[in-house]
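K.L.:
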Amino acid sequence: MRLFATLTSFSVKRSKNNLYKSHIYILDKLSINVDTAIIIITHGSRRNTFVEDMEGVAKYIEDKLQIPVYLSHNEFTEPNWRNLVSSLLEKGINKFIFALAFLGRGNHVAKDIMGSFGVNEFYKWEEAQYEGRKVKVYFTRPLADSPLVKLSLLYRISSAVRKDNYFNFLEDPEEIEENSMELSRQKVREITGKDGEELEIISRAVYASGNLEIARYIYISKDAIEMGVSALKSGVGILTDVKMVKAGLRWNAENYLDDAVELAKKSKITRTAAGIRIGLSKEPKIVVIGNSPTALVEAIKMHEEEGVEIPLIVATPPGFTNAVEAKEKLISTDIPCIVLRGNYGGSNIAVSIMNEIIRYARGKNG
Numbered sequence: 001m002r003l004f005a006t007l008t009s010f011s012v013k014r015s016k017n018n019l020y021k022s023h024i025y026i027l028d029k030l031s032i033n034v035d036t037a038i039i040i041i042t043h044g045s046r047r048n049t050f051v052e053d054m055e056g057v058a059k060y061i062e063d064k065l066q067i068p069v070y071l072s073h074n075e076f077t078e079p080n081w082r083n084l085v086s087s088l089l090e091k092g093i094n095k096f097i098f099a100l101a102f103l104g105r106g107n108h109v110a111k112d113i114m115g116s117f118g119v120n121e122f123y124k125w126e127e128a129q130y131e132g133r134k135v136k137v138y139f140t141r142p143l144a145d146s147p148l149v150k151l152s153l154l155y156r157i158s159s160a161v162r163k164d165n166y167f168n169f170l171e172d173p174e175e176i177e178e179n180s181m182e183l184s185r186q187k188v189r190e191i192t193g194k195d196g197e198e199l200e201i202i203s204r205a206v207y208a209s210g211n212l213e214i215a216r217y218i219y220i221s222k223d224a225i226e227m228g229v230s231a232l233k234s235g236v237g238i239l240t241d242v243k244m245v246k247a248g249l250r251w252n253a254e255n256y257l258d259d260a261v262e263l264a265k266k267s268k269i270t271r272t273a274a275g276i277r278i279g280l281s282k283e284p285k286i287v288v289i290g291n292s293p294t295a296l297v298e299a300i301k302m303h304e305e306e307g308v309e310i311p312l313i314v315a316t317p318p319g320f321t322n323a324v325e326a327k328e329k330l331i332s333t334d335i336p337c338i339v340l341r342g343n344y345g346g347s348n349i350a351v352s353i354m355n356e357i358i359r360y361a362r363g364k365n366g
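Sequential numbering of the sequence shown, starting at 1, is according to full-length UniProt numbering.
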């Protein structure tokens, strides 16, 4: 659902008399702060397909954040970010979050954009001047240093040169008795109305737990399955909270519980939380939490406070203290996730869900 009150379209004449249309969205209000605007800046292109691609990116971010996001360009394409900023200044907006949709830190970033405000630091609110007015600006870094961007490019390349050594998986999981699974599918479909991959994931969890009731409580975010599969194919590792989860996965996984004693004492956190901190400090990983709410809280904290990138979290910790709150907190973030809500949970359920994602990564879609 759009959060915009008014839409104004600008058409810019291009070569060969083609008209490429872009949009500036004029707001009556912003849900976060009336004096703040989020602006994505691209290089810009004369090709309409480029604009369409970037509009898709902007819409994805807007849908995730549930706040308005402006798309603008440095050259060739309207709206130009300079005109957009001028327009927003006239409307009383004086704080700008600039998301730089560039790969590297070239002249467009350093001179054309950040240089216009006289700033040179990323991820920091700074006071600046623009058109004689005081503003506050915040710039994100270009994308080349993101491990997920590198992994995404690797995956696209590896699809052409696919070799066994790109994929670090163990033996295939045993075949689950089909008649039992079929019964589970039928019941889950009746309860949830789900189909396809989501039906399979929920059915596996029901089969693993022997509890049909949990079908009502499994939450799957919009892009969780796709992100999990893409991450596995790109070589992203799996990090678990406890050894039982690691032992049940049909893929190489990591667990740092034995290495976490010192950090747990020093930081006054649980060993499972310390193990997650150790694992995520190395590189991005899929996180599978089957037992420990504090491990889940630590993963969320590292993502929100330190910018650690997590392509997927599977969370099924059971319990009455912290578990419900931690799982609902995860659902409220932008992290792709599959969550068993409420007090239900267990390591076996987390394993069954993650093994289904692994099955898709191997191309066995049933």
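Cβ atoms here follow ideal geometry from the backbone N, Cα and C, with glycine treated the same way. These numbers come from a predicted model, not from an experiment.
Quick one: what does DSSP say V261 is sitting in, helix, strand or coil?
P.N.:
The answer is helix: DSSP assigns V261 an H, G or I state.
K.L.:
I278 to I335, Cα distance in whole Å?
P.N.:
Approximately 19 Å between the Cα atoms of the pair.
K.L.:
Work out the CA separation of E283 and E198 for me, nearest whole Å.
P.N.:
Distance between the alpha carbons of E198 and E283 is about 28 Å.
K.L.:
Is there contact here, the region 265-279 with the region 352-366, by at least three beta-carbon pairs under 8 Å?
P.N.:
Short answer: they don't touch.
K.L.:
When the Cβ atoms of the region 196-216 are set against those of the region 44-51, are three or more pairs found closer than 8 Å?
P.N.:
Touching, no.
K.L.:
So, N255 versus S347, is the Cβ gap smaller than 8 Å?
P.N.:
No, these two residues do not count as a Cβ contact at 8 Å.
K.L.:
So, at 7 Å on beta carbons, what are the nonlocal neighbours of P293 in its own chain, with the 5 sequence-adjacent residues on each side left out?
P.N.:
Excluding residues within five positions, the ones whose Cβ falls inside 7 Å are P317, G319, N322, A323, A326.
K.L.:
Would you report the Cα separation of V149 and M54, rounded to the nearest angstrom?
P.N.:
Rounded to whole angstroms, V149 to M54 spans 16 Å at the Cα level.
K.L.:
Roughly how many angstroms lie between the CA atoms of I358 and I191, to the nearest whole one?
P.N.:
Distance between the alpha carbons of I358 and I191: 25 Å.
K.L.:
Going by Cα to Cα distance, which pick from L65, G92, I113, L103 is closest to L143?
P.N.:
L143 has its Cα closest to that of L103, out of L65, G92, I113, L103.
K.L.:
Answer with yes or no whether the minimum CB distance from V288 to chain B is below 8 Å.
P.N.:
The chain inventory of the structure shown lacks chain B, comprising one protein chain alone.
K.L.:
If the criterion is Cβ atoms closer than 8 Å, does the pair R105 and Y217 meet it?
P.N.:
No, these two residues do not count as a Cβ contact at 8 Å.
K.L.:
Closest to I238 by CA distance: which of E62, A253, G363 is it?
P.N.:
Checked all of E62, A253, G363; the closest Cα to I238 is A253.
K.L.:
Can you pull the DSSP bridge partners for N80?
P.N.:
Its beta-bridge partners are H73.
K.L.:
Here's the rule: buried if 16 or more other CB atoms are within 10 angstroms of the residue's CB, otherwise exposed. What is Y123?
P.N.:
Exposed, since its Cβ has fewer than 16 Cβ neighbours within 10 Å.
K.L.:
Output the residue ranges of the alpha helix (DSSP H) runs that lie fully inside the region 115-169 and measure 4 residues or longer, sorted by chain position.
P.N.:
The region 115-169 contains these whole alpha helix (DSSP H) runs: 147-158.
K.L.:
The alpha helix (DSSP H) that contains A58, what's its start and end?
P.N.:
A58 -> alpha helix (DSSP H) spans 48-65.
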